[in-house]
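Working notes for the structure below.
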Amino acid sequence: MSAPRPESPRAYRGRLLTPAAAPADGAGSPGAEVRYLDDALLVVGGDGRVVRAAPFAPGAFAGPVLDLRPAVLMPGFIDAHVHFPQTRVIGSASGPLLQWLERSVFPEEARFRDDGYAALVAGEFTGRLLASGTTTCVVFSSSDAAATDRLFRALQRAGLRGIAGLTLMDQRCPAELCVPRDEAIAAARDLVQRWHGEGSGLLEFAITPRFAPTCSRALMEAAARLAADHGLLVQTHVAETPAEGEAALREHPWARDYIDIYDRVGLLSGRAVLAHGIHLSPREWDRIAAAGAALVHCPDSNFFLGSGRMRLAEARARAVPVALGSDVGAGRSFDMRRSMSSAFDNALCLGDRVTPAELFVTATQGAADAIGLGRVIGSLEPGKEADFLAIRLPEYVHGEAETLQHLVFAPEAAAIQRVFVRGKLVYP
Ligand code: GUN
Ligand code: ZN
Numbered sequence: 001m002s003a004p005r006p007e008s009p010r011a012y013r014g015r016l017l018t019p020a021a022a023p024a025d026g027a028g029s030p031g032a033e034v035r036y037l038d039d040a041l042l043v044v045g046g047d048g049r050v051v052r053a054a055p056f057a058p059g060a061f062a063g064p065v066l067d068l069r070p071a072v073l074m075p076g077f078i079d080a081h082v083h084f085p086q087t088r089v090i091g092s093a094s095g096p097l098l099q100w101l102e103r104s105v106f107p108e109e110a111r112f113r114d115d116g117y118a119a120l121v122a123g124e125f126t127g128r129l130l131a132s133g134t135t136t137c138v139v140f141s142s143s144d145a146a147a148t149d150r151l152f153r154a155l156q157r158a159g160l161r162g163i164a165g166l167t168l169m170d171q172r173c174p175a176e177l178c179v180p181r182d183e184a185i186a187a188a189r190d191l192v193q194r195w196h197g198e199g200s201g202l203l204e205f206a207i208t209p210r211f212a213p214t215c216s217r218a219l220m221e222a223a224a225r226l227a228a229d230h231g232l233l234v235q236t237h238v239a240e241t242p243a244e245g246e247a248a249l250r251e252h253p254w255a256r257d258y259i260d261i262y263d264r265v266g267l268l269s270g271r272a273v274l275a276h277g278i279h280l281s282p283r284e285w286d287r288i289a290a291a292g293a294a295l296v297h298c299p300d301s302n303f304f305l306g307s308g309r310m311r312l313a314e315a316r317a318r319a320v321p322v323a324l325g326s327d328v329g330a331g332r333s334f335d336m337r338r339s340m341s342s343a344f345d346n347a348l349c350l351g352d353r354v355t356p357a358e359l360f361v362t363a364t365q366g367a368a369d370a371i372g373l374g375r376v377i378g379s380l381e382p383g384k385e386a387d388f389l390a391i392r393l394p395e396y397v398h399g400e401a402e403t404l405q406h407l408v409f410a411p412e413a414a415a416i417q418r419v420f421v422r423g424k425l426v427y428p
């Protein structure tokens, strides 16, 4: 059998909006620097990497150019916190958190032991992500290994970039979702072998303890060892509501505060991605910053559950990397434009202002940095993998400021036209 021939480069013309290139040493926080071009040529190599993102010039590309004007070409959105088995319970989140988990989430997640149901919803889940312009997702599955396998298969079939994990719970949850430590760790190890690095690196397995109240110390310690053995990303929830914090410390009275639980079991590191982080003490903020862990801000979920206001300014002041998450199904939309818009409102409630540019960078390059992919994706610049969207904005929208404002705050007037992952068209 002959090897597949490398594809030839392809070129796209449109407006271009991207986080500005990182400093040469790749260091530093993403800030709010963007690059906008009114008429640009984006050339993608046969290997799926950006070859060129520059002002359009006639004859600059030898082959055919797909003219997508007046669409805006931009990096795909990164949803850094989303629950696959909550796809069908969007809208049920009439908080507070712990009661909603008992009432709506746990019964729904138990349904994922049915393989046919898991396969069906996995297809719905990936379809909703793509239609929203999300090219990378960081996902909680259910605690069922076969359902998690279904999720990975669906991500692969959809052509998405995804980091996903089996949700670990071995206490204080319904029997149908409770998986004892040894069984859960063996299942996670098996999924690592099967999926971590698949799709030529598009897929990764993440260690996913649900949160401290539903995980024993022994489970979290074993999970941390597995993460360290394979260099895996760790995702969990922290400090979303005060009642959750109290439940966490009731279960783990040896810890001095909520973050200390994850810290002492070995889960807090530069590969940890912590959802929410609303009710944190100064000491906990310091520990997160010192460990190099990242936070995922999920403002739409926080509003809908009434969980509180995450202090983005505090994260910025301590140089804690921040990504945005839809947190579906507590969040009401898969569309990261909803998350950006809610993040603006969240900051406003605290008397702070974030700019559309900052929100755009947070949903792309900032998120990529937070999940360890900052050198691979997050912006459109030569050498990066070409995960990008063509978004059709109204003709009357001109220039950088108007483009950002419509992109972040007016999604109904801005249809997702095409979605590409590693240069390959994956939507429609
Ligand atoms: N904390 C633990 N599990 C969950 C969940 O499924 N959703 C949210 N929003 N918070 C959680
Ligand atoms: Zn969540």
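The opening residue of the sequence shown carries number 1 in UniProt numbering; numbering runs sequentially from there. Backbone N, C-alpha and C define an ideal beta-carbon position, used for all residues, glycine too. Since we're looking at a predicted model, the values are computed, not measured.
With a threshold of 16 other CB atoms inside 10 Å of the CB of alanine 290, please say whether the residue is buried or exposed. exposed
Quick check on DSSP: helix, strand or coil for glutamine 365? helix
Where does threonine 403 fall in DSSP's three states? helix
Is phenylalanine 140 near ligand 2, with its Cβ less than 7 Å from a heavy atom? yes
Looking at the unbroken alpha helix (DSSP H) that takes in histidine 193, where does it start and where does it end? In the sequence as presented, histidine is not what sits at residue 193; that position holds glutamine. Its alpha helix (DSSP H) spans residues 181-195.
Cβ atoms of valine 265 and alanine 294: under 8 Å apart, would you say? no
Pairwise C-alpha distance: histidine 83 and glutamate 314: 26 Å
Tell me the DSSP secondary structure of residue 477 in three-state form. In this structure the chain extends from 1 to 428, so residue 477 is not present and cannot be described.
Could you have a look at isoleucine 230 and say whether DSSP puts it in helix, strand or coil? Going by the sequence as given, residue 230 is histidine instead of isoleucine. Note: histidine 230 maps to helix in three-state DSSP.
Quick one: complete alpha helix (DSSP H) runs, 4+ long, within the segment 62-139? 97-100, 106-110 and 115-131
Residues around ligand 2, please: the condition is that the C-beta lies closer than 6 Å to some non-hydrogen atom of it. His81, His83, His237, Ala275 and Asp327
Find out if the Cβ-Cβ distance for the pair aspartate 257, serine 281 is shorter than 8 Å. yes
Does DSSP put threonine 18 in a helix, a strand or coil? strand
Cβ of phenylalanine 211 within 7 Å of any heavy atom in ligand 1? yes
Per DSSP, what kind of secondary structure is valine 265 in: helix, strand or coil? helix
Using alpha carbons as the reference points, say which of Phe61, Leu407, Ile371 and Pro242 lies closest to glycine 95. Pro242
How far does the beta strand (DSSP E) with isoleucine 416 in it extend, from its first residue to its last? 415-421
What residue range does the alpha helix (DSSP H) around arginine 172 cover? That residue, arginine 172, is in no alpha helix (DSSP H); it is neither H nor E in DSSP.
Just to confirm my understanding: we take valine 234, look at its own chain, exclude 5 residues before and 5 after, and list those with CB closer than 6 Å. What are they? Ile207, Ala227, Leu267, Arg271 and Ala272
Ligand 1 heavy atoms versus the CB of leucine 393: any closer than 7 Å? no
Alpha carbon to alpha carbon, how far is glycine 48 from histidine 136? Give it in angstroms, no decimals. The identity of residue 136 in the sequence shown is threonine, whereas the question assumes histidine. Those two C-alpha atoms are separated by around 15 Å.
Beta-carbon gap between glycine 76 and phenylalanine 388 smaller than 8 Å: yes
Start-to-end residues for the alpha helix (DSSP H) that takes in glycine 245: 242-251
Check whether the segment 347-367 and the segment 50-61 touch, using three or more Cβ-Cβ pairs below 8 Å as the test. no
Taking arginine 311 as part of the beta strand (DSSP E), name the residues at either end of that continuous run. Where arginine 311 is concerned, there is no enclosing beta strand (DSSP E), given that its DSSP letter is neither H nor E.
Please classify serine 200 as buried or exposed, where buried requires at least 16 neighbouring CB atoms within 10 angstroms. exposed
Expressed to the nearest angstrom, what Euclidean distance is found between the alpha-carbon atoms of leucine 230 and histidine 398? In the sequence as displayed, the identity of residue 230 is histidine instead of leucine. When rounded, the distance between both Cα atoms is 47 Å.
Whole-angstrom distance between lysine 384 and leucine 17, CA atom to CA atom: 15 Å
Going by the C-beta, is serine 8 closer than 7 Å to any heavy atom of ligand 1? no
Pick helix, strand or coil for cysteine 411, following the three-state DSSP scheme. Residue identity differs from the one stated: residue 411 is proline in this sequence, not cysteine. Of the three classes helix, strand and coil, the one that applies to proline 411 here is helix, per DSSP.
How do the segment 105-124 and the segment 172-179 stand: do at least 3 beta-carbon pairs fall below 8 Å, yes or no? yes
Could you check which residue in Ala21, Thr403 and Met336 has the C-alpha nearest to that of valine 50? Ala21
Nearest to glycine 63 by alpha carbon, out of Ser8, Phe211 and Leu73? Ser8
Is the closest heavy atom of ligand 1 to the C-beta of alanine 330 under 7 Å? yes
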